[in-house]
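Input: a single structure, listed below in structure tokens.
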Amino acid sequence: MRLMRNAAATARREETLDPEDWATLKALSHRIVDDSVAYLRDIHERPSWRPMPEDVKAFFTGPMPRKPQELDRIYRDVTEKLMPYPMGNNHPRFWSWYMGAGNYTGALGDFLAAIQGSNLGGGNHAAALLDQQVVNWCKEIVGFPVSASGTLTNGGSEANLLALTVARNVKAGVDIREHGIAAIEKPLRFYASDQVHSCHRKAVETLGLGNRALRRIPTNKDFTIDITALRQAIAKDRAKGFKPACLIATAGTVNTGAIDDLHALADLAQAEDLWFHVDGCIGALMAIAPENAYRVSGLERAQSLAFDPHKGLHAPFEAGCVLFKNAAAHRAAFAVTPEYLETMPRGLAAGAWLHEYGLQTSRGFRALKIWLALREHGIEKFGRLIDQAIAQAQYLSRRIAQEPRLELLSPATINILCFRYRPAQAKTADALKGLNIEIMLRLQEQGIATLSDTTINGQHCLRVAISNHRTRTSDLDLLLSELLRVGAELTS
Ligand SMILES: *Cc1c(COP(=O)(O)O)cnc(C)c1O
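Numbering-wise (the UniProt record's numbering), the sequence shown opens with residue 1 and increments by one.
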């Protein structure tokens, strides 16, 4: 019986995912590279976005494949059904929300990272060293000391979550990892402006502190946090028996790009014994932009800082980063060494366990795409590109201010501005909102430009965020002429 089973096992053909015919796969790979180069090279000629036809939508509801299919055939589906319908953030006229525009070298980095295949959970291998080198470069970019600690994350949301976790644990006054939030004596309070990114709400909720623990402080006319109001809120909370624990400054808000007064907040955090965190997902990288670096002075005083290489460094998604001045506090929040992850004196397990610095155990090799592009271009070019984007936004801002049919609601101080189409015949707020949404949607659907919208001071507006190295001034001129054309069509 036993013998028979062994025989059956030998008779079974052993399988692998490697191809039987490497030459065919190689030829297809070359074609994919050729197509990819053309895809990015000719991106200016394609629409900024296009709606998907019904058959394309239906295609993605097809059944799970049970049997093999020809890779050639599958790639044809990719070229026909996937590649023509991107989000479009790589396109020169994509200015929605706040993203990066990717880069070809970064894409090669993702490919090579997958081929080399290392898991960045840790270990004694080159990818782990490269990952740490990129984290060290990140410290240098924002003026943190080499003794600081940090990790690459999947984005700014995770970076902020990790930072707020450390802040909570340090300020809890109890061993929160062991006893949980129920053991906290005085409920913790975190502070940020009412312009704070929504990921902080998710973070305090996830951390078990609850949405109300995040106090939204009113903002000044320029959308920076009102420091007098902040002081009062802290004092009031203390009087009520809460424990003010953490101050979150935003260096570049999503709505308008406002940068809180970092030095004043650093001083206040120190005086009030609060953890000082800076959400620099939009603005931190301005530290390398010669003409605008002064705007984020004070960043280096943060105890923790979150920023986003997949925004300002245009790393293909995903790549975020969080840094901590207090390396021990960072590790103390996440380190767990189970019996199967003991460090060895030699061999593969002799390296640092990088999973001790965040939530992921297995982690992708996202450092390579950043490393390649930084080496290819040098950090100075990325700084100049940030200055360029800000100059472009300021140009657009000036042109909008000169155009009687457009109303500027928040001029570009950095690379974000808000405005609306406002025809002479006065309209109600609702009608104006409807009109502007329709303009935005038509610009998207006609493949002209991708804008988003928001509401500031209770007023609905269109929003342009230029974090795009492919944008040219002529693209902005086109936006204006087309926007006025569509506006006129809709109001005639
Ligand atoms: C983009 C952004 C985030 C979230 O970052 P993701 O990379 O999208 O997770 C957080 N804060 C600010 C200010 C942002 O602009």
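A virtual CB, placed ideally from N, CA and C, is assigned to each residue, including glycine.
Query                                                                                                                             : Result
Supposed contact pair residue 94 and residue 102 - C-beta distance, whole angstroms, cut 8 Å                                      : Wrong, their Cβ atoms sit about 11 Å apart, outside the cutoff.
Supposed close pair residue 245, residue 188 - CB separation, criterion 8 Å                                                       : 4 Å
8 Å Cβ cutoff met for residue 194 and residue 216                                                                                 : yes
Span separating the alpha-carbon of residue 422 from that of residue 252                                                          : 27 Å
Whether residue 316 touches residue 110 by CB criterion (8 Å)                                                                     : yes
Sequence ranges, alpha helix (DSSP H) only - wholly within the region 20 to 83, length at least 4                                 : 22 to 41, 54 to 59 and 71 to 77
Of the listed residues 476, 82 and 460, nearest to residue 448 (C-alpha basis)                                                    : 476
Residue from 36, 415, 256 and 180 with nearest C-alpha to residue 289                                                             : 415
Range of the contiguous alpha helix (DSSP H) that encloses residue 104                                                            : 104 to 116
Euclidean distance between Cα positions of residue 155 and residue 11                                                             : 48 Å
Integer Cβ distance of residue 214 from residue 200, believed to fall under 8 Å                                                   : 6 Å
8 Å contact criterion, which residue 314 and residue 150 should meet: CB distance rounded                                         : Wrong, their Cβ atoms sit about 20 Å apart, outside the cutoff.
Under 8 Å between C-beta atoms of residue 321 and residue 138                                                                     : yes
Proximity test, residue 430 beta-carbon vs ligand 1 heavy atom, cut-off 7 Å                                                       : no
Minimum C-alpha distance to residue 307 - residue among 54, 470 and 286                                                           : 286
Three-pair Cβ contact test at 8 Å for the region 387 to 395 versus the region 358 to 374                                          : no
Bridge partner(s) assigned by DSSP for residue 218                                                                                : Looking at the DSSP assignment, residue 218 forms no beta bridge with any residue, so it has no partner.
Chain-order list of residues whose beta-carbon lies under 7 Å from that of residue 165 (same chain, five-residue window excluded) : 207 and 333
Any 3 or more C-beta pairs closer than 8 Å across the region 428 to 439 and the region 459 to 467                                 : yes
Contact test: residue 156 Cβ vs ligand 1 heavy atom, cutoff 7 Å                                                                   : yes
Contact belief for residue 419 with residue 407 at Cβ below 8 Å, rounded distance in angstroms                                    : 6 Å
CA-to-CA distance, residue 351 to residue 167, given in whole angstroms                                                           : 27 Å
Inside the region 118 to 147 only - alpha helix (DSSP H) runs reaching at least 4 residues                                        : 126 to 142
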